[in-house]
Amino acid sequence: MEALFFGGKTKCVTFSYDDGVTQDRRLVELFNKYEVRATFNLNSGCFGRDGMVSDPSFIREATHNKIEAGEVAKLYAGHEIAVHTVSHPNLVFLDREAIRYEIGQDRKNLEKLVDYPVTGMAYPYGPYDDTVLAVMKECGISYSRTVQSTNSFAIPRDFLMWHPSCHFGDEVMTELIGRFLNDDAERQPYQTRQLFYIWGHSYELDGNESWNKMEETLKTLSRREDTWYATNGEVCEYENAVRRLIYNAQHTTVKNPSALPVWLCVNGEPVEIKPGEIKHLLK
Numbered sequence: 002m003e004a005l006f007f008g009g010k011t012k013c014v015t016f017s018y019d020d021g022v023t024q025d026r027r028l029v030e031l032f033n034k035y036e037v038r039a040t041f042n043l044n045s046g047c048f049g050r051d052g053m054v055s056d057p058s059f060i061r062e063a064t065h066n067k068i069e070a071g072e073v074a075k076l077y078a079g080h081e082i083a084v085h086t087v088s089h090p091n092l093v094f095l096d097r098e099a100i101r102y103e104i105g106q107d108r109k110n111l112e113k114l115v116d117y118p119v120t121g122m123a124y125p126y127g128p129y130d131d132t133v134l135a136v137m138k139e140c141g142i143s144y145s146r147t148v149q150s151t152n153s154f155a156i157p158r159d160f161l162m163w164h165p166s167c168h169f170g171d172e173v174m175t176e177l178i179g180r181f182l183n184d185d186a187e188r189q190p191y192q193t194r195q196l197f198y199i200w201g202h203s204y205e206l207d208g209n210e211s212w213n214k215m216e217e218t219l220k221t222l223s224r225r226e227d228t229w230y231a232t233n234g235e236v237c238e239y240e241n242a243v244r245r246l247i248y249n250a251q252h253t254t255v256k257n258p259s260a261l262p263v264w265l266c267v268n269g270e271p272v273e274i275k276p277g278e279i280k281h282l283l284k
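Position one of the sequence shown corresponds to residue 2 (our numbering), numbered consecutively onward.
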């Protein structure tokens, strides 16, 4: 008996993009066009600032102009915004109070712009340590993305150390897409869940002239009946609900104490366990 994703799906696709740059406007249009959901990690102390990015791997220099605070709610409607700290420092070099300010104040600032709690995050530059993890918990952060690629579709054990499948620019991404879409003939229906998590920065799509690649990627991954398209926060919330399920000793009856419906695979078929429901699975 295994858990399924929301709606009884066996697969899930989620995206995460950092910094809140103006190229997000074009990227959001593409996500909306292909009905794909994403999380955007924003630095609230940098709204409206202009800049440029040069990288040896870029075909050309790219602008790094930040969006204005006033457009956050409308631009990212239907997606999720998350913490990326106030000013984008490397958190492991800061003292405890500075870490608390960067995370906690960014959360407060972002929550003033949208009508929901902001509980997700991405680590600036990727590093974290025990102090950062402890302060994040104190600030009410429920998940945070690293920059360490797993090259797999694994669901994280600890969402505060959420390693993505790959960066959009990784050479392995094309291979991963093929693996994700390939249904192994030996695998039974609803047997194994696969979570495909891609992250990046939208200014890289300018620098690498890879907007066409992004659109082809979305076209390939989108609108599949076996796939749930979710924000990072939705994935985390759903998985927490899965982990809260309470089974009897024989594993024939389950109680769902959460406020979300959860799906299980029972005898090869998806079965919904509604919020608060006690369900007899096997007789």
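Where a beta carbon is used, it is the ideal one built from N, C-alpha and C, also for glycine. Quick caveat, the model's predicted, so the values are computed rather than measured.
| request: For N209, count neighbouring C-beta atoms within 10 Å of its own C-beta (all shown protein chains included) and say buried if the count is 16 or more, exposed if not. | output: buried
| Are at least three pairs of beta-carbons, each pair with one atom in the region 13-31 and one in the region 197-206, less than 8 Å apart? | yes
| task | Compute the distance between the beta-carbons of R158 and T132, then report whether it is under 8 Å. | result | no
| field | For Y204, the first and last residue of its enclosing alpha helix (DSSP H) | value | Counted as a single uninterrupted DSSP element, the alpha helix (DSSP H) harbouring Y204 occupies residues 204-208.
| task | Report all residues from its chain with a CB closer than 6 Å to the CB of G9; omit the five preceding and five following residues, and keep chain order. | result | W264, P271
| Residues in its own chain within less than 7 Å of T120 by CB, not counting five upstream and five downstream? | G141, I142, S143, G234
| request: Entirely within the region 127-165 and at least 3 residues each: give me those beta strand (DSSP E) ranges in chain order. | output: 144-146
| said: Three or more C-beta pairs under 8 Å: does that hold for the region 81-88 against the region 215-225? | reply: no
| message | On a Cα-Cα basis, can you pick out the residue from S259, C237, Q251 that is closest to R245? | response | S259
| said: Please report the straight-line C-alpha distance between G127 and T15, rounded to a whole angstrom. | reply: 18 Å
| message | Quick check: F154 and L196, are their CB atoms within less than 8 Å of each other? | response | yes
| said: In this structure, how does DSSP classify G170 when only helix, strand and coil are distinguished? | reply: coil
| field | Where the beta strand (DSSP E) containing V14 begins and where it ends | value | 12-19
| query | If you follow the alpha helix (DSSP H) that N110 is part of, which residue opens it and which one closes it? | reply | 107-112
| request: Using three-state DSSP, classify L219 as helix, strand or coil. | output: helix
| query | Going straight from the alpha carbon of L5 to that of N268, what length do you get? | reply | Their Cα atoms are separated by approximately 13 Å.
| request: On a CA-only basis, which of G277, V255, L261, P262 is nearest L283? Give me that one, please. | output: V255
| message | Rounding to the nearest angstrom, what Cα-Cα distance links H89 and N44 in this structure? | response | So the alpha carbons of these two residues sit roughly 6 Å apart.
| request: Return helix, strand or coil for G71, following the three-state DSSP convention. | output: Look at G71 here: in three-state DSSP terms it is helix.
| query | Run through DSSP, which three-state label would C47 get? | reply | coil
| message | Helix, strand or coil for L261? Go by DSSP, reduced to three states. | response | coil
| message | Please confirm whether G179 has its beta-carbon closer than 8 Å to some beta-carbon of chain D. | response | In summary, chain D is missing from the structure at hand, where a single protein chain is found.
| task | Kindly give me the distance between the Cβ atoms of F7 and Y239, rounded to whole angstroms, as I take these residues to be in contact under 8 Å. | result | 5 Å
| First and last residue of the beta strand (DSSP E) that includes A83? | 81-84
| Candidates N91, A63, K75, H252, of which the one nearest M53 by Cα | A63
| Whole-angstrom Cβ separation of S166 and T151, contact assumed at under 8 Å? | That pair is a contact at about 6 Å.
| Reference K214, options T232, C237, Q251, E172, closest by Cα | Per the Cα distances, E172.
| said: Under DSSP, the beta strand (DSSP E) around G234 begins and ends at which residues? | reply: Where G234 is concerned, there is no enclosing beta strand (DSSP E), although the alpha helix (DSSP H) it sits in stretches over 233-244.
| task | Could you check the C-alpha separation between A186 and Y198 for me, to the nearest Å? | result | Confidence is the limiting factor: at A186 the pLDDT is only 44, short of 50, which leaves the residue's position unreliable, though a coordinate-based value still follows. Cα to Cα, the separation comes out at about 24 Å.
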